[in-house]
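Participant:
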Amino acid sequence: VVSADKDVAKQGNQVKDFIVRKVSAIVLSPCDSKAIGPVIAEANAAGIPVFTVDIPYRGSDAKVVTQIATDNFGGGKEAATAMIEALGAGGGKVAILHFKQAESCLLRVGGFREVIDAHNAALPAGHAAIEIVAELEAGGARDSGYKAAEDALQAHGDLRGIFAINDPSALGAVGALEKAGKTAQVTVVGFDGQPEGKEAIRDGKIYADPIQFPVKMGEQIVDAIVRHSKGEELPPEMFIPTSLYRKADALNDPDLRPAGEPAPAN
């Protein structure tokens, strides 16, 4: 198991190393949904089946056996439902902290926008809409999420909501709101359900997350490899639904450490 740290070239070299080692199968979460194509094609030529998990391959020059992922579009729709719920009848301005390099994040934002648009279209005359005023690149990281949220606050002093495509960028946004003294004004909705994100939901810093189920993904990818090795035909994509995780869920989550307890040292 290796990590490419979101570096496309590094991931390509890792796949090439697996090919040289003549592994039986390769499981990838692509750093870039298209740029990874040439090395997948090399694996194809070597007769090594490639499976993708979480983030799909979206090129046309190589073959992936199957893609197993969260239903990211559906999760984006759940995030919008949470934002509508949090903002209530007052509506208001919302910014999106994006990571456009990842296909999964494009799907999350697409689902979010679809539900917000439908909500606005169904509003009676005179009722306040939810206006998406900015879509900022945040790189899926905490530091860049902080900077993007700062930029959104500077451009829109009356901002009422931030949808961040993952927990690190959501936590970065929380930091920017705390610095600006606007935690009561701006609602943050994240995505993922990482432990620190869940703790922030419990503590009222993030409103909600559509959470993913990585253990289910891992189980399904192993099952897919076994089935493929036996000659079974698999569907091109298999999706795992998200579940909307709110404060009430966090308060009853036995896996969270007690409030105020420091994180374990690395």
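So for the sequence shown, the numbering used here puts the first residue at 1384; every next one is plus one.
Glycine residues also receive a C-beta, built at the ideal position from the N, C-alpha and C atoms.
Could you tell me the distance, in whole angstroms, from the CA atom of K1562 to the CA atom of Y1529?
Facilitator: So the two alpha carbons sit approximately 10 Å from each other.
Participant: Tell me the rounded alpha-carbon separation between I1438 and K1476.
Facilitator: Cα to Cα, I1438 sits roughly 29 Å from K1476.
Participant: Three-state secondary structure (DSSP) at P1619?
Facilitator: Coil at P1619, not helix or strand.
Participant: With a CB to CB cut of under 7 Å and the five nearest residues on each side skipped, what residues in its chain are close to I1402?
Facilitator: Hits under 7 Å: E1425, A1426, A1429 and I1431.
Participant: By alpha-carbon positions, which one of Q1603, V1609, G1580 and D1606 ends up nearest to I1594?
Facilitator: Nearest of Q1603, V1609, G1580 and D1606 to I1594, Cα basis: G1580.
Participant: Which runs of the alpha helix (DSSP H), 4 residues or longer, sit entirely within the segment 1510-1571?
Facilitator: The segment 1510-1571 contains these whole alpha helix (DSSP H) runs: 1525-1538 and 1550-1563.
Participant: Based on Cα-Cα distance, which residue from T1435, S1416 and I1545 lies nearest to E1520?
Facilitator: Nearest of T1435, S1416 and I1545 to E1520, Cα basis: I1545.
Participant: If contacts are defined as beta-carbon pairs under 8 Å, then T1449 and P1619 qualify, I think. What distance do you get, rounded to the angstrom?
Facilitator: That pair is a contact at about 6 Å.
Participant: I need the DSSP call for T1435, collapsed to helix, strand or coil.
Facilitator: Of the three classes helix, strand and coil, the one that applies to T1435 here is strand, per DSSP.
Participant: Do you know how far the Cα of R1525 is from the Cα of L1634?
Facilitator: The alpha-carbon atoms of L1634 and R1525 are separated by roughly 24 Å.
Participant: How is the beta strand (DSSP E) around T1453 delimited, first residue to last?
Facilitator: T1453 -> beta strand (DSSP E) spans Q1450 to T1453.
Participant: Do G1494 and G1523 have their beta-carbon atoms positioned less than 9 Å apart in this structure?
Facilitator: Not closer than 9 Å, so no.
Participant: When we look at the beta-carbon of D1667 and count the other beta-carbons within 10 Å, is it buried (16 or more) or exposed?
Facilitator: The shown model of the chain, from 1384 to 1649, leaves out residue 1667, and the question about it has no answer.
Participant: Should N1649 go down as buried or exposed, given a rule of 16 or more other Cβ atoms within 10 Å for buried?
Facilitator: Only weak support exists for where N1649 lies, its pLDDT of 49 falling under 50; the value from the coordinates is given anyway. Exposed is the call here.
Participant: Report the residue from A1553, K1399, A1465 and G1601 whose alpha carbon sits nearest the alpha carbon of I1499.
Facilitator: Ranking A1553, K1399, A1465 and G1601 by Cα distance to I1499 puts A1465 first.
Participant: What is the DSSP secondary structure of D1575, counted as helix, strand or coil?
Facilitator: It is a strand residue.
Participant: Got a sec, what are the start and stop residues for the alpha helix (DSSP H) S1626 sits in?
Facilitator: Run containing S1626: none in the alpha helix (DSSP H); it sits in the beta strand (DSSP E), S1626 to R1629.
Participant: Please say whether A1553 and L1639 have beta carbons closer to each other than 9 Å?
Facilitator: No; because the gap between Cβ atoms is not below 9 Å, this pair is not in contact.
Participant: I need the boundaries of the beta strand (DSSP E) containing D1592, first residue and last residue.
Facilitator: Element bounds for D1592: A1591 to I1594.
Participant: Is the distance from the Cβ of E1345 to the Cβ of S1416 below 9 Å?
Facilitator: Not covered by the structure: residue 1345. The range shown for the chain is 1384 to 1649.
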